[in-house]
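Single-structure report; data block below.
Protein chains in written order, with the working numbering: chain A, 3 to 115; chain B, 545 to 657.
If you want it as structure tokens, here you go:
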């Protein structure tokens, strides 16, 4: 158990809908990362937040957004969902802005029908 | 180029044998090269990592070999065990105001008992 929690575990929704995925980092970790894992694209970095501020952006679609709250938990919002958004979404956390060690949560499996 | 190329896609090794997974990168800005292990239904877990100023790092049965001039690095699993059967991802990270990690496509390892 990495200490990173993600909810929900599974999510099934329809195209065009909007969902919110939630992540709680390990105790004491200030940095949160979001990743998408799919069969065709592999594991892709989406975005990083550090102490409430966006610090790095990867291949994140404009339909997706994230935020980190004062209690350091983070949410990833996915809107106007398409079939191709079906994937595993992982959150990871690390101690500081540029800590090399990242600890991954168990993931949220999103299925868009 | 921010790609990390990983091979082979899959690997079958006899128990007690050596598993070797190779990765190559192009971007010289990468300054941290981790390997992650992922079991079905779980998030990736950091296995071992190396900085580019070191040519080899060993932790137990796991060794990373790093060739900076060739921009290649590899994971060796000595005395492979059935419990090592998992998907292994190489990755490369760099600082960019925050911290980005690019993952290889993954190698499915199966260790035969």
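C-beta: ideal position from N, C-alpha, C; glycine also.
Is the beta carbon of residue 651(B) less than 8 Å from the beta carbon of residue 555(B)? yes
Can you round the beta-carbon distance between residue 105(A) and residue 5(A) to whole angstroms, since I take them to be within the 8 Å contact cut? Contact check for residue 105(A) and residue 5(A): beta-carbon distance about 6 Å, within the 8 Å limit, so the pair qualifies.
Do the region 62-80 of chain A and the region 561-580 of chain B touch if we need at least three Cβ pairs shorter than 8 Å? no
Give the interface partners of residue 159(A) over in chain B, defined as CB-CB distance under 7 Å, in chain order. One cannot answer for residue 159(A) here, as it falls past the ends of chain A, which runs 3 to 115.
Short CB-CB distance (under 8 Å) between residue 57(A) and chain B: Yes, because at least one Cβ of chain B sits closer than 8 Å to the Cβ of residue 57(A).
With H, G and I counted as helix, E and B as strand and the rest as coil, what does DSSP make of residue 41(A)? DSSP, reduced to helix, strand and coil, places residue 41(A) outside both helices and strands of the structure shown, so it counts as coil.
Residues of the region 629-643 of chain B with Cβ closer than 9 Å to any Cβ of chain A, in chain order: 633, 635, 637, 639, 640, 641, 642 and 643
Bridge partners of residue 593(B), per DSSP? Beta-bridge pairing links residue 593(B) to 578(B).
For residue 614(B) and residue 547(B), I'd like the C-alpha separation in whole angstroms. Computed Cα separation, rounded: 15 Å.
Identified DSSP bridge partners for residue 632(B): 581(B) and 651(B)
For residue 582(B) and residue 649(B), what's the separation of their Cα atoms in angstroms? 12 Å
Roughly how far, in whole angstroms, is the beta-carbon of residue 629(B) from the beta-carbon of residue 647(B), given that I think they are within contact range, below 8 Å? Not quite, the Cβ-Cβ distance comes to about 20 Å (not below 8 Å), so this is no contact.
Rank 110(A), 108(A) and 94(A) by C-alpha distance to the C-alpha of residue 32(A) and give the top, closest one. 94(A)
Hey, residue 68(A) and residue 78(A) are a contact pair by Cβ (cut 8 Å); roughly how many whole angstroms apart? Residue 68(A) to residue 78(A), Cβ: 5 Å. Contact.
Option in 28(A), 96(A) and 87(A) with minimal Cα separation from residue 42(A): 87(A)
Interface residues of chain A around residue 576(B) at Cβ under 7 Å? 102
If you pair each beta-carbon of the region 15-35 of chain A with each one of the region 601-620 of chain B, do three or more pairs fall below 8 Å? Too few Cβ pairs lie closer than 8 Å, so no.
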